[in-house]
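Chains as they are written, first to last, in the working numbering: chain A, 6 to 153; chain B, 6 to 153.
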């Protein structure tokens, strides 16, 4: 899938991603990198609303897992169970969200478990950056369920 | 402020709240209760996108603190520092978000500290409900900073 096709998929199926004007800058085995501008995500202080920052971080994490499972040809659904979000700095403009696995070395056993038992758990973290500096950190726990 | 005026304020100053079609159902000393419909918050599985659920929970928590500080005539700004979100059940339609203080007995000392030292910390929790059942639980830590 091209970056453009991924972006279209997100905007069509998760309309909040279109409302937040999320763009897909990179998507590969290592990461998914999204960006979002200030205007649709602004708050009353003219910085990014925390709920937007967290939603873009969640979207990056989900997109990363979704694409990797698709590539691994595993037919399953992803459910987010829990996340934490640390807001490190106010964001005054366009920001990025880079999702990666917390423990990349566990990917293979995650896929094997999902295929054998129909259920497996994995953690994804997303770094938010604004103007070249860290602005927030998200960690999400997902469960993947194999479709029968 | 009437519920309608609060809703207008949110929609104008935090445009994501308009995109999510958030409505203000109640706002008093004890709680802020918001609702949001499925359509603008849907995901590819036809349930509420986790990022939307968390953003509505964050909005409820922020709105609660904002209104109470306003009522207490404390001129300050609120910064969210950290939050956790637990997703308990998939949400298939309109849902509500009810924000309350984690420790209501600490409100007075929070306001006193803010007035005396210009900085104070407080926690808010938000319960998400769908169809009469708990669907998610958010806890957020906020810092209030007095304007000089």
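C-beta: ideal position from N, C-alpha, C; glycine also. Since the structure is predicted, the reported quantities are computational estimates derived from the model, not experimental observations.
Opening and closing residue of the alpha helix (DSSP H) in which residue i lies
| i | result |
| --- | --- |
| residue 56/B | 55–76 |
| residue 39/B | Not the alpha helix (DSSP H): residue 39/B falls in the beta strand (DSSP E), residues 37–41. |
| residue 79/A | Residue 79/A -> no alpha helix (DSSP H), and no H or E assigned at all. |
| residue 31/B | First-last for residue 31/B: 28–32, but that is the beta strand (DSSP E), not the alpha helix (DSSP H). |
| residue 10/B | 8–18 |
Supposed close pair residue i, residue j - CB separation, criterion 8 Å
| i | j | result |
| --- | --- | --- |
| residue 81/B | residue 63/A | Not quite, the Cβ-Cβ distance comes to about 29 Å (not below 8 Å), so this is no contact. |
| residue 143/B | residue 127/B | Residue 143/B to residue 127/B, Cβ: 14 Å. No contact. |
| residue 135/A | residue 108/A | About 27 Å; that fails the 8 Å criterion. |
| residue 84/A | residue 120/A | Not quite, the Cβ-Cβ distance comes to about 17 Å (not below 8 Å), so this is no contact. |
| residue 96/B | residue 58/B | 7 Å |
| residue 129/B | residue 70/B | 6 Å |
| residue 8/A | residue 32/A | 6 Å |
| residue 104/B | residue 66/B | 4 Å |
| residue 29/A | residue 17/A | In fact, because the Cβ distance is near 13 Å, the residues do not count as touching under 8 Å. |
| residue 149/B | residue 125/B | 5 Å |
| residue 19/B | residue 49/A | 7 Å |
Opening and closing residue of the beta strand (DSSP E) in which residue i lies
| i | result |
| --- | --- |
| residue 116/B | It is not in any beta strand (DSSP E) - residue 116/B instead sits in the alpha helix (DSSP H) that spans 112–122. |
| residue 151/A | 138–151 |
| residue 103/B | 100–106 |
Per DSSP, the bridge partner or partners of residue i
| i | result |
| --- | --- |
| residue 133/B | 102/B, 141/B |
| residue 92/B | 141/B |
| residue 125/A | 149/A |
| residue 83/B | 149/B |
Please identify, using Cβ separations under 7 Å, the residues of the stretch 66–86 of chain A that lie next to chain B, in order along the chain. Answer in chain order: 82, 85, 86.
Does the contact criterion of 3 or more C-beta pairs under 8 Å hold for the stretch 19–38 of chain B versus the stretch 99–111 of chain A? Fewer than three pairs of CB atoms, one per stretch, sit closer than 8 Å, so the stretch 19–38 of chain B makes no contact with the stretch 99–111 of chain A.
I want to know whether the stretch 82–94 of chain A touches the stretch 86–93 of chain B - three or more CB-CB distances under 8 Å. By the C-beta criterion, the stretch 82–94 of chain A is judged to be in contact with the stretch 86–93 of chain B, since at least 3 inter-stretch pairs fall below 8 Å.
Using a Cβ-Cβ cut-off of less than 9 Å, list which residues of the stretch 41–56 of chain B approach chain A; keep chain order. So the close ones are 44, 45, 46, 47, 48, 49, 50, 54, 55, 56.
Cβ-based contacts, 7 Å cut-off: residues of the stretch 87–116 of chain B near chain A: Under the 7 Å Cβ criterion, the stretch 87–116 of chain B contributes 87, 88, 89, 90, 91, 92.
Give a yes or no on contact between the stretch 31–45 of chain A and the stretch 28–39 of chain B, applying the rule of three or more CB pairs nearer than 8 Å. Touching, no.
Residues of the stretch 127–149 of chain B with a CB closer than 9 Å to any CB of chain A: list them in chain order, please. Per Cβ criterion, the list reads 145.
Mind listing which residues of the stretch 12–24 of chain B have their C-beta closer than 7 Å to chain A's C-betas, in chain order? Result list: 18, 19, 20, 21, 24.
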